Amino acid sequence: MTERCHGDTRSPAGPRARTAIVLAAAALLAATGAAFLPSTASAGTTLGASAAEKGRYFGTAVAASRLSDNAYTTILNREFNMVTAENEMKMNATEPQQGRFSYGAAEQIVNHARSRGMSVRGHTLAWHSQQPGWMESMSGSALRQAMLNHVTQVATHFRGQVVAWDVVNEAFADGSSGGRRDSNLQRTGNDWIEAAFRAADAADPNAKLCYNDYNTDNWTHAKTQGVYNMVRDFKARGVPIDCVGFQSHFNNNSPYVSNYRTTLSSFAALGVDVQITELDIQGAPANTYRSVVEDCMAVPRCNGITVWGIRDSDSWLASQTPLLFNSNGSKKPAYDAVLAALNNGAAVPTTAPPTSVPPTSVPPTSTPPTSAPPTTAPPTTAPPTTPPPGGGCTATLQDSTRWGDRFNSQVTVSGASSWSVVVAVTPPQKVSATWNGSPTWDSSGNVMTMRSNGSGNVFGFTTMANGNWTRPQVLSCTAS
Ligand code: 9MR
């Protein structure tokens with residue numbers, strides 16, 4: 000395996016040394032009694048903003064066919080900072096005929112998201128379901144080769160645009176066996192999963208590579224333990240895995256259980272990020288949604304939550320009304336519970352900027368919020384900066400939370416309620432998330448114009464440092 004770039008976990012010292020650093024930092028924290036640094040940002044008013052202020056993301060599944068629905072995109076653009084294609088990146092969508100790839104619908108979603116500062120989770124490179132017909136009828140080494148080629152081609156195509164991939168989806172059996180699900184892919188040999196991860200790693204060394212499954216939420220279930228043992232084995236043998244996705248489709252047959260937090264933290268302790276990837280809950284009880292979010296916020300490596308659709312009418316289980324928005328687009332009680340839990344939750348641990356960053360040959364791009372080893376470094380204390388007067392308003396930039404690979408900034412506008420503020424970051428920095436404004440970028444991607452969108456006079460954004468910790472500059476503020 001080649002040394003992967005795992006965002007802030009990247010280290011020339013190698014994985015074992017990295018673990019030692021993390022443990023040493025944790026021991027230091029324990030010894031000093033220091034808690035994680037509190038978020039310095041104010042409580043957010045949207046799911047994405049509130050999550051970003053805590054160093055995490057809040058995403059949703061998106062269907063390309065709904066992007067022409069204004070009510071849908073209004074909520075999408077306002078609330079979320081991560082997007083998963085609900086069906087458009089699956090094997091049958093991206094390789095409908097062998098060797099002929101089709102990315103149109105997937106690209107619609109990627110472009111919609113990225114042009115608005117949202118990141119993209121890729122779903123999914125290899126799965127027993129939703130295979131194209133030609134693949135369903137294959138077996139043996141021909142199938143293995145076709146699967147690996149698919150992984151390579153698709154991950155290469157979206158290199159730099161997809162921050163995390165569900166490399167393999169749903170490969171474990173339900174029930175008490177704790178073993179693999181039978182499928183044409185499984186019959187190519189038990190090592191098919193790690194082969195897929197290695198192919199994805201080679202194709203996109205910067206994307207986070209996840210294993211994703213359902214009914215893996217209850218810590219006592221055999222399936223959960225089966226996946227856990229595989230991830231432990233992968234980490235022990237250096238198979239390039241970065242994260243585990245918990246679909247978390249909760250319903251009366253597969254209910255939320257209070258040991259969910261144990262599940263998340265146990266996997267995280269293996270040295271992977273954990274993400275809630277397809278959350279929906281039958282009937283959308285506010286208390287259960289709150290518990291799920293609180294569980295994630297309690298686990299520093301739980302770096303994001305994705306709900307599987309926006310409005311109840313968008314859900315694959317519409318009759319269960321399992322989502323955060325009514326079919327008419329209004330917020331449900333579960334929405335308020337989720338927002339409150341995000342705002343009350345702990346920020347992921349912060350860390351001081353690295354003194355040296357290994358060079359990278361990959362073009363800089365947005366990456367998802369990641370957990371970093373905790374340290375006691377204080378937040379930056381540089382005074383706020385204000386641009387030259389003019390334009391009918393004033394915009395003041397303040398430093399906010401800082402992580403090992405990225406930092407948040409907050410801009411306060413005074414003198415106008417409707418405004419546009421131009422902010423520049425220094426290459427190779429990239430803005431990876433924004434909140435409380437509508438951003439557009441110039442062609443370089445380094446100059447962002449943020450317009451007021453009715454969310455008040457304070458907006459924020461996350462900058463991926465990519466080795467450069469220069470503070471972003473406010474170039475102008477114009478009343479409109
Ligand atoms: O929501 C998806 C639905 O539109 C598709 O018809 C279905 C086909 O299998 O897949 C749904 O999404 C699934 C996801 O890709 C994997 N985990 C289970 C999801 C719900 O079935």
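Note that numbering that gives the first Met the number 0 has the sequence shown beginning at 0, numbered continuously upward.
For each residue, glycine too, the CB sits at the ideal point set by N, CA and C.
Predicted, not measured: the structure shown is a model, and the values here were computed from it.
Taking 7 Å as the cut-off, decide whether the C-beta atoms of residue i and residue j are in contact.
i, j, result
"Val256", "Phe266", "no"
"Ile275", "Pro321", "no"
"Gly47", "Trp402", "no"
"Ser413", "Thr393", "yes"
"Thr425", "Asn467", "yes"
"Val298", "Val337", "no"
"Thr155", "Ala125", "no"
"Thr395", "Pro383", "yes"
"Val243", "Val271", "yes"
"Thr400", "Gln428", "no"
"Gly390", "Cys476", "yes"
"Leu269", "Ala198", "no"
"Ser437", "Arg450", "yes"
If I follow the unbroken beta strand (DSSP E) through residue i, where does it start and stop?
i, result
"Asn211", "207-212"
"Phe245", "242-245"
"Arg289", "Looking at the DSSP string, Arg289 is not in any beta strand (DSSP E); the run it does join, the alpha helix (DSSP H), is 285-296."
"Gly58", "56-61"
"Ser413", "405-413"
"Val347", "Counting along the chain, Val347 falls outside any beta strand (DSSP E), and DSSP gives it neither H nor E."
"Gly303", "301-306"
Can you say whether residue i is buried or exposed, counting buried as having 16 or more other CB atoms within 10 angstroms of its CB?
i, result
"Gln409", "buried"
"Arg99", "exposed"
"Asn435", "buried"
"Asp241", "buried"
"Ala92", "buried"
"Thr433", "buried"
"Gly282", "exposed"
"Gln397", "buried"
"Ala195", "buried"
"Lys207", "buried"
"Thr219", "exposed"
"Gly252", "The question names Gly, but residue 252 is Asn in the sequence shown. By the neighbour-count rule (16 or more Cβ atoms within 10 Å), Asn252 is not buried but exposed."
"Asn228", "exposed"
"Asp441", "exposed"
"Gly32", "Summary for Gly32: the model assigns pLDDT 27, below 50, so the residue's position carries little reliability; its value from the coordinates is reported in the next sentence. Gly32 is exposed by the Cβ-count criterion."
"Asp181", "exposed"
"Asp232", "exposed"
"Gln129", "exposed"
What residues in its chain sit with their C-beta under 7 Å from that of residue i, if we drop five residues either side in the sequence?
i, result
"Ala423", "Asn445, Val446, Pro471, Gln472, Leu474"
"Ala84", "Val61, Ala105, Ile108, His122"
"Val230", "Tyr210, Ile240, Val243, Phe266, Leu269, Val271"
Apart from the five residues just before and just after residue i, which ones in its own chain have a Cβ nearer than 8 Å to its Cβ?
i, result
"Lys222", "Phe171, Ala172, Asp173, Gly174, Gly177, Asp212, Asn214, Thr215"
"Asp335", "Ala285"
"Ser318", "none"
"Asn189", "Arg179"
"Gly455", "Thr44, Asn435"
"Phe324", "Ile74, Ile309, Arg310, Asp311, Lys330, Lys331, Tyr334"
"Ser101", "Ala92, Thr93, Glu94, Pro95"
"Gln160", "Val109, Arg113, Val119, Thr364"
Would you mind giving the Cβ-Cβ distance between residue i and residue j, rounded to the nearest angstrom? I have them listed as a contact below 8 Å.
i, j, result
"Thr448", "Ser419", "6 Å"
"Ser57", "Gly303", "The sequence given here places Phe at residue 57; Ser does not occur at that position. About 7 Å separates the two Cβ atoms, so the contact holds."
"Val119", "Val82", "5 Å"
"Asn258", "Asn217", "6 Å"
"Leu278", "Thr305", "7 Å"
"Met88", "His111", "Going by Cβ atoms, the distance from Met88 to His111 rounds to 14 Å, so no, they are not a contact pair."
"Ser464", "Phe406", "For the sequence presented, residue 464 should be read as Ala rather than Ser. Yes, they are in contact, since the Cβ atoms of Ala464 and Phe406 sit about 7 Å apart, within 8 Å."
"Gln185", "Trp133", "The Cβ separation is near 19 Å, so there is no contact."
"Arg115", "Asn76", "6 Å"
"Asn183", "Ser138", "6 Å"
Where do the N-terminal and C-terminal ends of the alpha helix (DSSP H) with residue i fall, by residue?
i, result
"Gln185", "That residue, Gln185, is in no alpha helix (DSSP H); it is neither H nor E in DSSP."
"Lys507", "One cannot answer for residue 507 here, as it falls past the ends of the chain, which runs 0 to 479."
"Val552", "Because the chain here runs from 0 to 479, residue 552 falls outside it and cannot be looked at."
"Met117", "No alpha helix (DSSP H) contains Met117, which DSSP labels as neither H nor E."
"Trp164", "Careful: Trp164 lies outside any alpha helix (DSSP H), inside the beta strand (DSSP E) at 163-168."
"Arg77", "69-78"
"Leu46", "46-52"
"Leu396", "Here Leu396 belongs to no alpha helix (DSSP H); instead the beta strand (DSSP E) covers 393-401."
"Phe266", "259-267"
"Leu323", "That residue, Leu323, is in no alpha helix (DSSP H); it is neither H nor E in DSSP."
"Gln144", "139-156"
Near residue i, which residues of its chain fall below 6 Å by C-beta distance, leaving aside the five closest residues on each side in sequence?
i, result
"Arg143", "Thr187"
"Gln224", "Gly177"
"Glu193", "Val238"
"Ala63", "Glu87, Ala104, Gln107, Ile108"
"Cys301", "Leu263, Val273, Cys295"
>> So if I measure from each beta-carbon to every heavy atom of the ligand SAH and keep distances below 7 Å, which residues remain?
In response: As far as ligands go, the structure on display features the ligand 9MR and does not contain the ligand SAH.
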